[in-house]
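Asks:
Numbering (the working numbering), first residue to last: 31 to 453.
#1: Rounded to whole angstroms, what is the Cα-Cα separation between residue 36 and residue 287?
#2: Taking the alpha carbon of residue 202 as the reference point, which residue from 166, 318, 342 and 231 has its own alpha carbon closest?
#3: Run the CB neighbour count on residue 332, radius 10 Å, all protein chains shown included, and call it buried at 16 or more, exposed below.
#4: Between residue 249 and residue 225, which are expected to be in contact by the criterion C-beta below 8 Å, what is the C-beta distance as a whole number of angstroms?
#5: For residue 84, count neighbouring C-beta atoms within 10 Å of its own C-beta (all shown protein chains included) and say buried if the count is 16 or more, exposed if not.
#6: Give a yes or no on whether the C-beta atoms belonging to residue 134 and residue 122 are separated by under 9 Å.
#7: Counting Cβ pairs closer than 8 Å, one from the region 313-324 and one from the region 340-349, do we hit at least three?
#8: Tell me, which residues are paired with residue 83 by DSSP?
#9: Exposed or buried, what is residue 447 when buried is set at 16 or more other beta-carbons lying within 10 Å of its beta-carbon?
#10: Does the beta carbon of residue 306 come closer than 9 Å to any beta carbon on chain C?
#11: If you run the structure through DSSP and keep just helix, strand and coil, what is residue 232?
#12: Per DSSP, residue 38 forms a beta bridge with which residues?
#13: Does the separation of the CB atoms of residue 418 and residue 337 fall below 9 Å?
#14: Look up residue 109 in the DSSP assignment and give the residues it is bridged to.
#15: Looking only at C-alpha atoms, which of 68, 77, 47 and 232 sits nearest to residue 92?
#16: Touching or not, the region 156-165 and the region 38-50, by the rule of three or more beta carbon pairs under 8 Å?
#17: Just to confirm before moving on: does the CB-CB distance between residue 279 and residue 184 stay below 9 Å?
#18: Taking only three categories from DSSP, how would you classify residue 332?
#19: Please determine, among 169, 339 and 163, the residue with the shortest C-alpha to C-alpha distance to residue 299.
#20: Give the secondary structure of residue 152 by DSSP, where H, G and I count as helix, E and B as strand, and everything else as coil.
#21: Measuring CA to CA, which of 253, 241 and 238 is closest to residue 227?
#22: Suppose the cutoff is 8 Å on Cβ atoms and the five residues either side in sequence are ignored; what does the same chain contact list for residue 100 look like?
#23: Rounded to a whole number of angstroms, what is the C-alpha to C-alpha distance between residue 360 and residue 324?
#24: Secondary structure at residue 353, three-state DSSP: helix, strand or coil?
#25: In chain order, which continuous runs of the alpha helix (DSSP H) of length 4 or greater are located wholly inside the region 223-293?
#26: Which first and last residues belong to the alpha helix (DSSP H) in which residue 322 is found?
#27: By how many angstroms is the C-alpha of residue 109 removed from the C-alpha of residue 66?
#28: Return helix, strand or coil for residue 56, following the three-state DSSP convention.
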């Protein structure tokens with residue numbers, strides 16, 4: 031039996047827009063005040079219509095689907111910005127990839143589900159976090175730290191979890207599994223939880239909801255108790271299918287995300303290395319070993335992270351950014367050499383030194399800050415490096431005719447200028 035979490039993010043487009051504004055305030059001609067009425071609008075027949083509204087706008091009875099001109103009558107100083115569904119979807123996918131920390135089975139909501147949240151299949155994963163309740167609490171806490179107010183529900187089916195996350199009175203609810211010992215009691219609890227919800231909890235088309243309300247059906251319970259034949263005759267298969275999906279009578283497959291390809295190599299050494307030249311040689315070797323995977327996927331490296339694992343357990347790492355994607359391991363080696371030479375006279379890694387500590391089922395990178403050590407001091411006779419890893423943290427599509435960054439191989443001055451541009 032599956033266990034599905036529905037994570038609903040109310041006003042997701044508004045939250046995404048405000049987060050983008052907070053990251054780059056200079057990009058906004060007129061900064062949005064989140065405490066005042068604010069809406070996002072899309073062009074439609076008859077003029078722009080509201081696609082999302084913040085709490086202040088909703089308090090003035092401004093709703094999704096209203097015309098912007100009508101909304102301005104209710105709020106004279108209404109803040110209006112253009113909706114950006116593509117950016118909303120991309121950000122939601124990015125958040126869903128982050129949620130793979132809990133389970134590899136994560137599916138962002140599609141348009142039919144509102145495109146404002148994601149499903150997680152945590153079957154078999156909850157024990158890694160101390161149980162279902164602790165996993166849900168941890169997910170809620172982390173989303174809250176992102177500035178996202180989430181409503182979470184856990185049930186045996188996506189339809190039930192989706193309905194409860196949106197319409198249940200509690201912002202966090204866990205239904206017992208039908209796989210537990212008392213199946214009949216748990217089934218009754220699930221049906222009762224769904225029965226108390228409004229018709230909108232079944233993810234029906236607006237026209238179907240309107241017809242049902244006109245016929246006097248306001249709660250799902252009225253549909254559960256009524257004979258099925260009249261509904262099958264009057265409505266399309268959607269109505270009974272959605273009801274059966276929520277109750278687990280018919281399956282509802284989810285399209286889970288595939289994790290992005292990982293481009294990472296590590297070399298573990300028999301003897302610690304003590305020289306910068308050896309580090310560069312190993313870095314080039316690591317990059318060369320990644321070239322096949324990059325060519326296979328038609329991408330090149332735009333950002334890389336070199337990590338040096340010292341024998342005393344400390345890990346030093348720094349990032350390297352490139353102006354264009356590349357697969358040229360010699361070029362990457364030259365840029366790493368320039369970067370390391372520059373670090374030789376500076377504190378070692380303001381360049382992002384991190385210690386990796388293993389936690390329960392996850393890693394917690396903790397920034398140390400400045401070490402007050404130069405690279406020669408970090409590489410000494412007592413504390414050499416026993417492993418070197420190279421991660422491509424950002425890969426971008428490359429033109430098939432492009433083999434790397436041209437024009438830097440023969441001129442060290444130009445290479446130095448290039449390195450300065452991309453640091």
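Cβ atoms here follow ideal geometry from the backbone N, Cα and C, with glycine treated the same way.
Replies: So, from the listed chains and residues:
#1: Walking along the chain shown from the start, residue 36 turns up at place 6. Walking along the chain shown from the start, residue 287 turns up at place 257. In a straight line, the C-alpha of residue 36 is about 15 Å away from that of residue 287.
#2: As a working mapping, residue 202 is identified with position 172 in the chain shown. Checking every option, the nearest Cα to that of residue 202 belongs to 166.
#3: Within the chain shown, numbered from 1, the residue matching residue 332 stands at position 302. Classification of residue 332: buried, given that the 10 Å Cβ count is 16 or more.
#4: Mapped onto the chain shown, residue 249 falls at position 219. Mapped onto the chain shown, residue 225 falls at position 195. Confirmed, about 7 Å.
#5: Along the chain shown, read from residue 1 onward, the residue named residue 84 stands at position 54. Buried.
#6: Locating residue 134 in the chain shown gives position 104, counting from the first residue. Locating residue 122 in the chain shown gives position 92, counting from the first residue. Going by C-beta atoms, residue 134 is not nearer than 9 Å to residue 122.
#7: no
#8: For this step, residue 83 is matched to residue 53 along the chain shown. Beta-bridge pairing links residue 83 to 69.
#9: Taking the first residue of the chain shown as position 1, residue 447 is located at position 417. Residue placement at residue 447 cannot be trusted, given a pLDDT of 38 that sits under 50; what the coordinates show is reported in the next sentence. Flag for residue 447 reads exposed.
#10: Reference to chain C is not applicable here, since this structure consists of a single protein chain.
#11: What you label residue 232 is simply residue 202 of the chain shown in a count that begins at 1. Here residue 232 sits in helix by DSSP.
#12: Taking the first residue of the chain shown as position 1, residue 38 is located at position 8. Residue 38 pairs with 147 and 181.
#13: Translated into positions along the chain shown, residue 418 becomes position 388. Translated into positions along the chain shown, residue 337 becomes position 307. Yes, the pair counts as a contact, with Cβ atoms nearer than the cut-off.
#14: Sequence index remark: in the chain shown, residue 109 carries index 79 (1-based). According to DSSP, which records beta bridges pairwise, residue 109 is partnered with 68.
#15: Taking the first residue of the chain shown as position 1, residue 92 is located at position 62. Minimum Cα distance to residue 92 is reached at 68.
#16: no
#17: Stepping through the chain shown from its first residue, residue 279 is reached at position 249. Stepping through the chain shown from its first residue, residue 184 is reached at position 154. The answer is no: Cβ separation not under 9 Å.
#18: Position 302 of the chain shown, counting from 1, holds the residue named residue 332. Strand, per DSSP.
#19: Mapped onto the chain shown, residue 299 falls at position 269. Among 169, 339 and 163, the Cα nearest to that of residue 299 is on 339.
#20: Residue numbering aside, residue 152 sits at position 122 when the chain shown is read from its first letter. Residue 152: coil per DSSP, three-state reduction.
#21: If you number the chain shown from 1, residue 227 lands on position 197. Considering only alpha carbons, the answer is 253.
#22: Residue numbering aside, residue 100 sits at position 70 when the chain shown is read from its first letter. Around residue 100: no qualifying Cβ.
#23: Here the question's residue 360 lines up with position 330 in the chain shown. Here the question's residue 324 lines up with position 294 in the chain shown. Spanning the two alpha carbons is a distance of roughly 15 Å.
#24: Translated into the one-based positions of the chain shown, residue 353 becomes position 323. Three-state result, residue 353: strand.
#25: 236-244, 250-255, 258-264 and 268-277
#26: Residue numbering aside, residue 322 sits at position 292 when the chain shown is read from its first letter. Run containing residue 322: 306-327, per the alpha helix (DSSP H) assignment.
#27: Along the chain shown, read from residue 1 onward, the residue named residue 66 stands at position 36. Along the chain shown, read from residue 1 onward, the residue named residue 109 stands at position 79. Rounded to the nearest angstrom, the two C-alpha atoms are 8 Å apart.
#28: Along the chain shown, read from residue 1 onward, the residue named residue 56 stands at position 26. It is helical.
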